[in-house]
Every structure is written in structure tokens, then in C-alpha cells.
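Colleague: Each residue of the sequence shown is one higher than the one before, starting from 604 at the first, in the numbering used here.
Using N, Cα and C, we set each Cβ at its ideal position, and we do this for glycine too.
On a predicted model such as this, the values are computed, not experimentally measured, just so you know.
Following this message is one structure expressed as C-alpha cells.
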Amino acid sequence: MRYIGKGAESAVMFCGIMNLAPPPTKFTKSNNILIQAARETYEVSMAEAVHETVEGNDEGRDVAVDGRWQKRGFSSKNGVVKLQVSIQVK
């Protein structure tokens with residue numbers, strides 16, 4: 604819950620609404636497990652996407668990247684990045 608800006612109280616409320624068991628008092632172990640699972644998933648997914656793109660077309664690939672922050676400058680912890688890849692198909 605801390606990753607979305609909420610604390611333990613919000614986690615208890617969310618679990619109650621969803622009819623789940625209350626969350627553990629220590630979030631660190633659970634968060635580390637979730638982070639590791641997400642990291643493994645996105646690394647495999649991204650590697651497969653890159654492999655498909657490179658193997659499928661050796662000629663034209665255009666890439667555009669755009670990023671935004673919640674606050675001006677780079678002091679914000681919240682941001683979003685958009686990556687657009689264009690592939691020429693014959």
C-alpha cells in the first residue's frame with residue numbers, strides 16, 4: 604500500500620472491503636516477494652518483446668520516448684514514461 608501512497612490503515616480497510624484476511628503487520632517481507640515476482644515477470648516479458656522485434660525486422664525501427672513528472676523538475680518521486688516503437692513491415 605505504501606507504493607500507492609497509502610499506509611497500514613488503508614490496507615486494513617481494503618482487506619475488509621475485499622473480504623480478505625487482515626494484512627500482516629510487517630509489510631517488508633511481503634513487499635519484497637511481490638517486487639521480486641514483478642521484476643522477474645517484466646524482465647522476461649521485455650526480453651521476449653525485444654527478441655521478437657529484433658528477429659522480426661532487421662531494417663526499420665523508430666523509437667519515441669516521452670516522460671513526465673508530477674512536480675516540476677526532477678524532485679518528484681512520481682512520474683510516467685511513454686515508449687512508442689514503430690516497426691516497418693513489408
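Straight-line CA distance for Val657 to Ala640?
Modeller: Along the sequence shown, read from residue 1 onward, the residue named residue 657 stands at position 54. Along the sequence shown, read from residue 1 onward, the residue named residue 640 stands at position 37. Approximately 26 Å, taken between the alpha carbons.
Colleague: Taking the beta strand (DSSP E) that Arg675 belongs to, which residues open and close that run?
Modeller: In the sequence shown, residue 675 corresponds to position 72, counting from 1. That residue, Arg675, is in no beta strand (DSSP E); it is neither H nor E in DSSP.
Colleague: Can you tell me the Cβ-Cβ gap for Gly682 and Trp672, rounded? I've got them flagged as a contact below 8 Å.
Modeller: Along the sequence shown, one-based indexing puts residue 682 at 79. Along the sequence shown, one-based indexing puts residue 672 at 69. Contact holds; Cβ gap of about 5 Å.
Colleague: Please classify Leu686: does DSSP put it in a helix, a strand, or coil?
Modeller: Reading the sequence shown from its first residue, position 83 is the one you call residue 686. Leu686: strand per DSSP, three-state reduction.
Colleague: State the beta-bridge partners of Arg671 as determined by DSSP.
Modeller: Translated into positions along the sequence shown, residue 671 becomes position 68. Answer by DSSP bridge pairing, in chain order: Val683.
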